[in-house]
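Accompanying notes for the structure given below.
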Amino acid sequence: MNRSPAAPTLTVNDNGAWCWFQDERALVDPETQTLVVGSIAAPEGPGGEARAGNVELAVVDLRAGTSEVVVLHERLEADDHDVPALRRRADGRWLAVYTRHKTDDLTRWRVSEPGDPTRWGPESVFDWSGLTGGAGVTYSNLRSMGGRLYCFARAVNDDQCALVSDDDGDTWSYAGKLFTRPKVGYVNGYTRYSGDGKRIDLVTTDHHPRDFDNSIYHGYLEGGALHRSDGTVVDPEALTGDAPSQVELTRILEAGSRWGGVRMSHCWTTDIRHGEDGSVAAVLTARAGEEEHLERRKAHPDLRFFYARMAPGGEWSVREFAKAGPGLMPHEEDYTGLAAIDPYDLDSVYVSTPVDPRDGSALARREIFHARTADGGATWTWTPVTEDSEVDNLRPIVAPGDPSRVPLLWFRGEMTASQHYRCEIVLRDLPRGE
């Protein structure tokens, strides 16, 4: 099993949180046994207003169990959406890319000194305003394919777009739009990405679940084309010219579908990872029985986690996975504690939930559980990682980089908004067992 009951929990940053539409948010350098995790400081935490909005990196020496906090940009914006995406480059330098939350049009990046993520070069920017008309840009996702590095962001028309770099992130240029469709409500689709250097898999929604009864779609980029799960080409020249709508991709969780007689709606993407054999796993969420909640005038819907698994070749199996509890915040009723798939073991998932998945009982706080399946997600065994906590445990990440270990990160504390939280970031570094 991928856990050790004796593994200590280390606080690596006393003030921070992250959103979940950026990757990688945490990475391990296996040569130096250094873990780097990005976060944003909030005014409620240590340091107060003077530290609020700092884009920070916790640089953790995994051998010594020590952490140093480095500031990439002072007081950029107190918003967890601004967390950086990280990459460890072939030349030993680190790359960090970050944006504000739709309040300006700049993608920012910095490159570290060789082998030292505590020392960084000057900040550079790409200005999207000529493309967005000043509407703003959000999110950074770094994925490589065919020797090029891509940074996916929500930008033009609030659709998914990309920058491209041929020098591993020293310079960037506009690549194009991945999807396009008329905007409904706040923004268009929410997309998660996973890649192996040869292709980039993604899962995406229609719009924000607050504004639209989303389904979830899967596709992948390979050889310059956008494909459905089964390999059918949707866009032969992706990111050039007119972009297709995401509804042309493979629908893997449909709004209005019924599970155990309960209607699921307003689906959202949570995590996606790929296997070495070409398989893909994703965790998704949906509102359960929303019509009953509306009749009872309940403030928060009953949210559910789904585990979706694609076999090599494109066939999907999707199963209801666990209860995610009520919405995390009154004004964001689709927010959950989230879940993270182990990047080196698609049968292993870490879940934050206020409902004990072993017996369905309500918990006082959101706790982290480890789930393991031996049959592709049909059945699961559950083991608590945290128990009887005094505060919520939220948004786990399993940092990739070293297949020999499971660096499990999350933040714990009180979160009332994406801009307001008093949370600390913790690490439990688990050895990978047989």
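Residue numbers for the sequence shown follow our numbering, so the first one is 2 and each next one is one higher.
Glycine included, C-beta positions come from ideal geometry on N, C-alpha and C.
Original post:
For Glu425 versus Asn158, is the C-beta spacing smaller than 8 Å?
Top reply: No, they are not a contact pair.
Original post:
If you run the structure through DSSP and keep just helix, strand and coil, what is Asp159?
Top reply: Here Asp159 sits in helix by DSSP.
Original post:
Just the Cα atoms here: how many angstroms apart are Glu436 and Gln161?
Top reply: The displayed coordinates of the chain run from 2 to 435. Any statement about residue 436 would go beyond what the structure contains.
**OP:** Run the CB neighbour count on Arg298, radius 10 Å, all protein chains shown included, and call it buried at 16 or more, exposed below.
**Re:** Confidence at Arg298 is low in this model, with a pLDDT of 49, below 50, so its placement is unreliable and the value that follows should be read with caution. Arg298 comes out exposed.
Original post:
Distance, Cα to Cα, Phe22 vs Asp171?
Top reply: Near 23 Å, if we compare the C-alpha coordinates of Asp171 and Phe22.
**OP:** May I have the straight-line CA-CA distance separating Glu124 from Pro115, to the nearest angstrom?
**Re:** Pro115 has its alpha-carbon roughly 16 Å from the corresponding atom of Glu124.
Subject >> Proximity winner among Arg155, Asp393, Lys178 and Tyr151, relative to Val165 (alpha-carbon distances) >> reply: Residue Tyr151 is the option with its Cα nearest to Val165.
**OP:** May I ask you to report which of helix, strand or coil DSSP gives Ala363?
**Re:** Here Ala363 sits in strand by DSSP.
Original post:
Is the beta carbon of Ser405 less than 8 Å from the beta carbon of Arg429?
Top reply: Cβ atoms of Ser405 and Arg429: not closer than 8 Å.
Original post:
Any idea if Val234 is buried or exposed, counting beta-carbon neighbours within 10 angstroms, 16 or more meaning buried?
Top reply: Classification of Val234: exposed, given that the 10 Å Cβ count is below 16.
Subject >> Reference Asp24; option with closest CA among Gly196, Gly122 and Arg366 >> reply: Among Gly196, Gly122 and Arg366, the Cα nearest to that of Asp24 is on Gly196.
Original post:
Any idea if Glu50 is buried or exposed, counting beta-carbon neighbours within 10 angstroms, 16 or more meaning buried?
Top reply: Around the beta-carbon of Glu50, fewer than 16 other beta-carbon atoms lie within 10 Å, marking it exposed.
**OP:** Go ahead and label Pro408 buried or exposed: buried means 16 or more other beta carbons lie within 10 angstroms of its beta carbon, across all protein chains shown.
**Re:** So Pro408 counts as buried.
Subject >> DSSP bridge partner residues for Asp128 (one or two, in chain order) >> reply: According to DSSP, Asp128 bridges with Leu107.
Original post:
How many whole angstroms separate the CB atoms of Ala53 and Ala79, which I take to be in contact at a CB cut-off of 8 Å?
Top reply: So it is a contact: roughly 4 Å between Cβ atoms.
Original post:
Taking one C-beta from the segment 62 to 73 and one from the segment 24 to 35 each time, how about it: are there three or more such pairs within less than 8 Å?
Top reply: Because the criterion of three Cβ pairs below 8 Å is met, the segment 62 to 73 and the segment 24 to 35 touch.
Original post:
Just the Cα atoms here: how many angstroms apart are Phe127 and Leu364?
Top reply: Cα to Cα, the separation comes out at about 45 Å.
Original post:
When we look at the beta-carbon of His102 and count the other beta-carbons within 10 Å, is it buried (16 or more) or exposed?
Top reply: Residue environment: His102 is assigned as buried (16 or more neighbouring CB atoms within 10 Å of its CB, all protein chains considered).
Original post:
When you compare only the Cα positions, how much space is there between His421 and Val392?
Top reply: Those two C-alpha atoms are separated by around 15 Å.
Subject >> Nearest to Leu28 (by Cα), restricted to the options Phe412, Val399 and Arg413 >> reply: The option with the nearest alpha carbon to Leu28 is Val399.
Original post:
So, helix, strand or coil for Thr172, using DSSP?
Top reply: Residue state, collapsed to three classes: coil.
Original post:
Any idea what DSSP makes of Glu316, helix, strand or coil?
Top reply: Note: Glu316 maps to coil in three-state DSSP.
Original post:
Under the DSSP definition of a beta bridge, which residues are partnered with Cys424?
Top reply: According to DSSP, residue pairing for Cys424 in a beta bridge involves Gly414.
Original post:
Using the C-alpha atoms, what's the distance from Ala372 back to Asp357?
Top reply: Near 12 Å, if we compare the C-alpha coordinates of Ala372 and Asp357.
Subject >> Three-state class that DSSP yields for Arg52 in the structure shown >> reply: It is helical.
Original post:
Going by C-alpha distance, which of Gly378, Arg367 and Ala418 is nearest Leu395?
Top reply: For the set Gly378, Arg367 and Ala418, the Cα lying nearest the Cα of Leu395 is the one of Arg367.
**OP:** Name the one or two DSSP bridge partners that Val356 has.
**Re:** Val356 pairs with Ala363.
Original post:
Would Pro331 be called buried (16 or more neighbouring beta carbons within 10 Å of its own) or exposed?
Top reply: Looking at its Cβ environment, which holds fewer than 16 other Cβ atoms inside 10 Å, Pro331 is exposed.
**OP:** Put Val204 into one of helix, strand or coil per three-state DSSP.
**Re:** Reduced to three states, the DSSP call for Val204 is strand.
Subject >> Neighbourhood of Gly232 by C-beta distance below 7 Å, restricted to the same chain and skipping five residues each side >> reply: Excluding sequence positions up to five before and after Gly232, its CB lies within less than 7 Å of the CB of Gly315, all in the same chain and listed in chain order.
**OP:** Measure how close the beta-carbons of Leu240 and Ala154 come, nearest whole angstrom, since I'm counting them as under 8 Å.
**Re:** The pair is not a contact, with the Cβ atoms about 12 Å apart (cut-off 8 Å).
**OP:** Use the C-beta contact count for Tyr187: other C-beta atoms within 10 angstroms, 16 or more gives buried, fewer gives exposed.
**Re:** Label assigned to Tyr187: exposed.
**OP:** Sort out for me which residues DSSP pairs Ile41 with in a bridge.
**Re:** Checking the DSSP bridge columns, you'll see Ile41 partnered with Ala18 and Val56.
**OP:** Compare the C-alpha of Pro302 against each of Glu333, Val281 and His228 and name the closest.
**Re:** It is Glu333 whose Cα lies nearest to the Cα of Pro302.
Original post:
For the beta strand (DSSP E) that contains Ala226, what are its first and last residues?
Top reply: Start and end: Ala226 to His228.
Subject >> Sequence-distant residues of its chain with Cβ nearer than 6 Å to Ala341 (five each side left out) >> reply: So the qualifying residues of the chain are Asp272, Tyr351, Pro397, Ile398 and Val399.
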